[in-house]
Amino acid sequence: MNDKRKLTLIVFMTLPVLLLSGCHYHASQSSEKKPPPLRQTGSPYSKEISEGKAEPSVTVKNSKQQDEENIINEDEESVFIKPNQVWVPSVGIKAPVEPVGLLENGQMDAPVSSKVAGVFVDGILPGQKGNAILAGHVDNYTGPAVFYPLKKIKPGEPVVLSDNEGNYLVFKVVAVESYPTAQAPIEKIFGDTDIEQLNLITCTGKYDRIKGEHEKRLVVYTRLLK
């Protein structure tokens, strides 16, 4: 197990309150960090995504074909990115992504805006072997937030991450689960694995005004297409 996998697992096993990060972000900016090394990969989606012209008609089959051609060669080292955009065409999510890390109190930092998702960069990055984490609000006092539509996603549907260099990765949803907060399977969500996975986390269920939180956590498990 490498250091990043250890950090991700240890942090979330000892501080399961971080599962709340997708629901109750506090307004604090994460510090800008040096981007990880990238390998340029031409994307059939990157221009359309950046210009907002892409049609939400991409299928998993087509994404897989493009992925095989442009992203991953199984004999090569894994490609990983620090994304600045997430696109889930099947449920209408197209949103900015900001890097987030750990605060001094051990909690996961988050973007100020509820319309922005946060990728955890102090652990596994998308495309690396392990569980990368992308968290987002479900709602706030003014209405639906970035990951509100996530409850409609189904297995087999694509999740596309892209960065500002034109690199992109396509993941396929393999499972959608909801858990009572205290019963979320920390090892499954954040633990060690030899598969390139991306887990999207937000809240679901009723909102408890006394506790100031939703009763459940929604986790969308995805795997990198090869």
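With mature numbering (1 follows the signal peptide of the UniProt record, and there is no 0) applied, the sequence shown corresponds to residues -26 to -1, 1 to 200, in that order. Ideal Cβ placement from N, Cα and C applies to all residues, glycine included. Bear in mind the structure is a predicted one, so any value in this text is a computation, not a measurement.
When C-beta atoms of the segment 176 to 193 are compared with those of the segment 121 to 139, three or more pairs fall below 8 Å, so the two segments count as touching. Restricted to the segment 87 to 114, the beta strand (DSSP E) segments that are unbroken, complete and at least 3 residues in length are 91 to 94 and 104 to 109, listed in chain order. Scanning its chain for C-beta atoms nearer than 8 Å, with the 5 sequence neighbours on each side dropped, one finds around Y153 the residues P159, K190, R191 and V193, in chain order. Short of 7 Å from the beta carbon of P70, and not among the five residues preceding or following it, lie these beta carbons of its own chain, in chain order: N58, Q59 and V90.
The criterion of a C-beta distance shorter than 8 Å is satisfied by V74 and F94. For a cut-off of 8 Å, the C-beta gap from F121 to V133 is around 12 Å, too long to register as a contact. Taking the Cα positions, G130 is about 6 Å away from V148.
One Cα belongs to L108, the other to E151, and the distance between them is close to 15 Å. One alpha carbon belongs to E161, the other to L77, and they sit about 22 Å apart. In the DSSP annotation of this structure, the continuous segment of the alpha helix (DSSP H) that includes I163 starts and ends at I160 to F164.
DSSP places N58 in no beta strand (DSSP E); its state is neither H nor E. Collapsing the DSSP output to three states places T167 in coil.
Considering only N79, N105 and D137, the residue with the shortest C-alpha distance to G165 is N105. The alpha-carbon of N141 is positioned some 8 Å away from that of L135. At the C-beta level, G101 and V53 come within 8 Å of one another.
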